[in-house]
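Peer 1: Sharing a structure, written as structure tokens. Questions coming.
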Amino acid sequence: MEKERAQALQALADSTCDNFIVLLKSAKELKFRALYENHVERDSATRIYSVLPNNSSRAPLKLGGSEVISQFFKYSSAKKQFLPVSTRSFTVKTDACALVEQLVFKGKSKSSRLL
Numbered sequence: 055m056e057k058e059r060a061q062a063l064q065a066l067a068d069s070t071c072d073n074f075i076v077l078l079k080s081a082k083e084l085k086f087r088a089l090y091e092n093h094v095e096r097d098s099a100t101r102i103y104s105v106l107p108n109n110s111s112r113a114p115l116k117l118g119g120s121e122v123i124s125q126f127f128k129y130s131s132a133k134k135q136f137l138p139v140s141t142r143s144f145t146v147k148t149d150a151c152a153l154v155e156q157l158v159f160k161g162k163s164k165s166s167r168l169l
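Residue numbering for the sequence shown follows our numbering, beginning at 55 and increasing consecutively.
Structure follows, in structure tokens:
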């Protein structure tokens, strides 16, 4: 866990971007999966770090288009948690997102999803 944290912080330090997006496992399971540079002017985000393998479809190289995003989130410093926001695109106020469940749970059997 500490190794992944250090690598994610290094990716942030190496980036020239000002806005970032955290990819969460799902809208129900808010677990860290990847870190993206948020290119608001292009309505897309580019992965700079992931805890998943580089070729994983559960942390795509680029995020763009609301058809793959199930929910966008804003981080509340007061509550210390991600809260859903009603937007359908990346903005400077977007802090995190979750992919649609078909991408997250792709290839898993029904019984393993229940675990």
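We put the beta carbon where it would ideally sit given N, CA and C, even for glycine.
Find out if the Cβ-Cβ distance for the pair residue 89, residue 65 is shorter than 8 Å.
Peer 2: yes
Peer 1: Please classify residue 78: is it buried, with 16 or more other beta-carbons within 10 angstroms of its beta-carbon, or exposed?
Peer 2: buried
Peer 1: Could you spell out where the beta strand (DSSP E) holding residue 113 opens and where it closes?
Peer 2: DSSP places residue 113 outside any beta strand (DSSP E), giving it a letter other than H or E.
Peer 1: I'd like to confirm the pairing. Which residues does DSSP put opposite residue 148 in its beta bridges?
Peer 2: Bridge partners of residue 148: none, in fact.
Peer 1: What separation, rounded to the nearest whole angstrom, lies between the Cα atoms of residue 135 and residue 118?
Peer 2: 24 Å
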